[in-house]
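Worksheet for the structure shown next.
There are 2 protein chains.
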Amino acid sequence: MPLCDDAATVISGFSNVPPQVRGHVRDLRIRWALEEIGRDYRLDLIDAMAPRSGEYRQWQPFGQVPAFDDGEIRMFESGAILLYLGEQDPHLLPTAPQARWQAITWLFAAGNSVEPALAHLNGLDLFFAQEPWAEQARPGAVKQARRKLASLQKALGERAWLAGPFSIADVLMVTVLRLLDHTDILAEFPALAAYKARGEDRPAFARALAEQLEAYVAPTGE
Amino acid sequence: MPLCDDAATVISGFSNVPPQVRGHVRDLRIRWALEEIGRDYRLDLIDAMAPRSGEYRQWQPFGQVPAFDDGEIRMFESGAILLYLGEQDPHLLPTAPQARWQAITWLFAAGNSVEPALAHLNGLDLFFAQEPWAEQARPGAVKQARRKLASLQKALGERAWLAGPFSIADVLMVTVLRLLDHTDILAEFPALAAYKARGEDRPAFARALAEQLEAYVAPTGE
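Sequences listed follow chains A and B, in order. Here the first sequence is numbered in the numbering used here, starting from 1 and rising by one per residue. Here the second sequence is numbered in the numbering used here, starting from 1 and rising by one per residue.
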């Protein structure tokens, strides 16, 4: 049970979020990676609905989660934190040079080339659905998401994971693909749907998700 | 003159792009970093307007630029390539642990927390300006861009660069801020405008930009 009250490793998360984003907040990525390597950690939960304190913005200047502190390094950005953890454990990041850089390449690709398209569509559907322009913007956003997914599926090919063994690239990419959970689009890309299911089937993912959901204090309304 | 026909380091770029994106294509980021450390490199130019070859998609699965190959490592994603170059030269990435991770944190923040908001507004203005929904979506996009810039300016504070000395984080962030060059928004954030100017004033940036612009074969129409 890596969740531990006196752990040296602390990450920030939210104590409450709207129902439609439960299970999708980005501290999940770090929880998952920490569960994969059995590292004790604890959560510093902040109120998502309240203004961030000046102290929190010293830690995370954009007021987002997660931020990270293990007593040695204080940082933020889920991709950067994954890389930091990966450098400490070959179960998260291969050490052979080409395999290492392939994993890092896909870590950046997940965050910079795939996530923006999927997050845009997610935002249109879950946060701006009442706006007339959102409906008009949607076909283009779907087309762009499909284009990214088609390229990704082709690049994945027959591999189980993006960089050979399971790595931080998969932690990030699987959580990015979950941004389309409210649609049927991923089913059009069977190899990617199977890839995402493979990630979600890992015991460490299941523990991380359960622990994230348990931390929300307010009723889900579901 | 780091551009060199028989250099071992190759990056991909476009031989032609529409006038409104000239000087903003992402190979600029890698050219700039290579110019900073005086590394010889050459360009593999592809036609932006033609479908990508299967061979190119083996190198860059999304069909974008830049991709990178130095004979030892073959990779893509500008953020990942910057990190790779940073690990080879302390002029691009500090080696002391907290400073190193601060730079890496800001490298990810530039690509994941700032660029999506600025690129969205850039896209609305430069590629979808004829669409009625783009006009309606614009106020929200401007508000989101301003929010990111306000947080970034506060985080930068009185520092010249994001992680102490100049680093790959600044290469990425300065090129990201250039996505608003078609607007007056950055002028509302004087410390960021000065930060961007400081980056653009570096001789390595000027050489990289000039070399990128020289490579475009078609008339600019400007």
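Even for Gly, the Cβ is constructed at its ideal location relative to N, Cα and C.
(message) I'd like to know whether the C-beta of Thr53(B) is nearer than 7 Å to at least one C-beta of chain A.
(response) Reading off the sequence shown, one finds Ser at residue 53(B), where the question assumed Thr. By this cut-off, Ser53(B) is not an interface position.
(message) My output table needs one value for Ser303(A): the three-state DSSP class, helix, strand or coil.
(response) Since the first residue shown for chain A is 1 and the last is 222, residue 303(A) is missing from the structure and cannot be characterised.
(request) For Gly35(A), I'd like the list of residues in its chain whose CB is within less than 7 Å of its CB, leaving aside the five on either flank, ordered along the chain. (result) In the sequence under discussion, the amino acid at residue 35(A) is Glu, which differs from the Gly named in the question. Result list for Glu35(A): Pro2, Ala204, Arg207, Ala208, in chain order.
(message) Using a Cβ-Cβ cutoff of less than 7 Å, which residues in the same chain neighbour Glu131(B) once the five nearest sequence positions on both sides are dropped?
(response) Contacts found: none.
(message) Can you give me the C-alpha to C-alpha distance between Gly111(A) and Cys4(B), rounded to a whole angstrom?
(response) Their Cα atoms are separated by approximately 32 Å.
(message) Whole angstroms are fine: how far does the CA of Trp32(B) sit from the CA of Leu121(B)?
(response) A straight-line Cα-Cα distance of about 24 Å links Leu121(B) and Trp32(B).
(message) For Glu222(B) and Asp181(A), what's the separation of their Cα atoms in angstroms?
(response) For Glu222(B), the pLDDT reaches just 43, beneath the cut-off of 50, and the residue's location in the model is therefore unreliable, leaving the point undetermined.
(request) My understanding is that Asp69(A) touches Val10(A), with C-beta atoms under 8 Å, so please give their C-beta distance in whole angstroms. (result) Going by Cβ atoms, the distance from Asp69(A) to Val10(A) rounds to 5 Å, so yes, they are a contact pair.
(request) Can you tell me which of Asp44(B), Ala187(B), Trp59(B) puts its alpha carbon nearest to the alpha carbon of Leu224(A)? (result) Lying outside 1 to 222, the shown extent of chain A, residue 224(A) is not represented and no answer is given.
(request) Answer yes or no: does any C-beta atom of chain B fall closer than 7 Å to that of Ser151(A)? (result) Yes, Ser151(A) counts as interfacial toward chain B.
(message) So if I threshold CB-CB distances at 9 Å, which residues from the region 104 to 116 of chain A count as touching chain C?
(response) As a matter of chain content, chain C is missing from the structure shown, whose protein chains are A and B.
(message) Please classify Leu213(A) as buried or exposed, where buried requires at least 16 neighbouring CB atoms within 10 angstroms.
(response) With fewer than 16 other Cβ atoms within 10 Å, it is exposed.
(message) Please report the distance separating the alpha-carbon of Glu55(A) from that of Gly71(A).
(response) The alpha-carbon atoms of Glu55(A) and Gly71(A) are separated by roughly 17 Å.
(request) Apply the 10 Å Cβ neighbour rule to Lys143(B) and answer buried if 16 or more other Cβ atoms are within range, or exposed otherwise. (result) Exposed, since its Cβ has fewer than 16 Cβ neighbours within 10 Å.
(request) Compare the C-beta of Trp32(A) against all C-beta atoms of chain B and say whether one is closer than 7 Å. (result) Cβ-Cβ to chain B under 7 Å: no for Trp32(A).
(request) Give the interface partners of Met75(B) over in chain A, defined as CB-CB distance under 8 Å, in chain order. (result) The contacting residues are Trp101, Gln102, Ile104, Thr105.
(request) May I ask you to verify whether the region 186 to 193 of chain A touches the region 89 to 105 of chain A, counting CB pairs closer than 8 Å and requiring at least 3? (result) Touching, no, given that fewer than three Cβ pairs across the two stretches are closer than 8 Å.
(message) In the DSSP output, which residue or residues are listed as bridge partners for Asp27(B)?
(response) DSSP, once it has assigned bridges, lists no residue as partnering Asp27(B).
(message) Taking the alpha carbon of Leu28(A) as the reference point, which residue from Gly38(A), Ile46(A), Leu107(A), Gly13(A) has its own alpha carbon closest?
(response) Of the candidates Gly38(A), Ile46(A), Leu107(A), Gly13(A), the one whose C-alpha sits nearest the C-alpha of Leu28(A) is Gly13(A).
(message) Shorter than 6 Å, the distance from the beta carbon of Ala150(B) to the closest heavy atom of the ligand FAD, or not?
(response) Questions concerning the ligand FAD fall outside what the structure shown contains, since it holds no ligand whatsoever.
(message) Give me, in chain order, the residues of the same chain whose beta-carbon lies closer than 8 Å to that of Phe128(A); leave out the 5 immediate sequence neighbours on both sides.
(response) Contacts found: Ala134.
(message) With the cut-off set at 7 Å, would you say Ile30(A) and Ile81(A) are in Cβ contact?
(response) Their beta carbons are under 7 Å apart, which means Ile30(A) touches Ile81(A) by this criterion.
(request) Could you please give the first and the last residue of the uninterrupted alpha helix (DSSP H) stretch that includes Phe205(A)? (result) Per DSSP, Phe205(A) is one residue of the alpha helix (DSSP H) stretching across 203 to 215.
(message) Can you check whether the C-beta of Gly86(B) is within less than 7 Å of a C-beta belonging to chain A?
(response) Closer than 7 Å: no.
(message) Taking CB distances under 7 Å as the criterion, tell me whether Gln144(A) reaches chain B.
(response) It does not: the Cβ of Gln144(A) has no partner Cβ on chain B nearer than 7 Å.
(request) Determine the DSSP secondary structure at Leu92(A), reduced to helix, strand or coil. (result) Secondary structure of Leu92(A) (DSSP, three-state): coil.
(message) If the criterion is Cβ atoms closer than 7 Å, does the pair Phe268(B) and Ser113(A) meet it?
(response) Since the displayed chain B opens at 1 and closes at 222, residue 268(B) lies outside it and no answer follows.
(message) If we define contact as Cβ-Cβ less than 7 Å, is Leu82(A) a contact residue for chain B?
(response) The beta carbon of Leu82(A) sits no closer than 7 Å to any beta carbon of chain B.
(request) Starting from the C-beta of Leu192(B), find all residues in its chain whose C-beta is less than 8 Å away, skip the five residues before and the five after it, and write them out in chain order. (result) These residues qualify, in order along the chain: Leu149, Leu152, Gln153, Leu156, Leu177, Leu186.
(message) Give me the chain B residues within the contact set of Gln212(A), using Cβ-Cβ distance strictly less than 7 Å, ordered along the chain.
(response) Here the premise fails: no neighbours, minimum Cβ distance about 20 Å.
(request) Would you list, in sequence order, the uninterrupted beta strand (DSSP E) runs of no fewer than 3 residues that lie entirely inside the region 62 to 141 of chain A? (result) Taking only runs of at least 3 residues, the beta strand (DSSP E) segments lying wholly in the region 62 to 141 of chain A are 67 to 69, 74 to 76.
(message) Give me, in chain order, the residues of the same chain whose beta-carbon lies closer than 8 Å to that of Leu179(A); leave out the 5 immediate sequence neighbours on both sides.
(response) Only residues of its own chain outside the window of five on either side were considered, and among them His24, Glu115, Leu118, Ala119, Leu121, Asn122 have a CB closer than 8 Å to the CB of Leu179(A), listed in chain order.
(request) Taking Arg159(B) as the reference, give the member of Leu124(B), Gln88(B), Thr183(B), Arg198(B) with the closest Cα. (result) Sorting Leu124(B), Gln88(B), Thr183(B), Arg198(B) by C-alpha distance to the C-alpha of Arg159(B) places Arg198(B) at the top.
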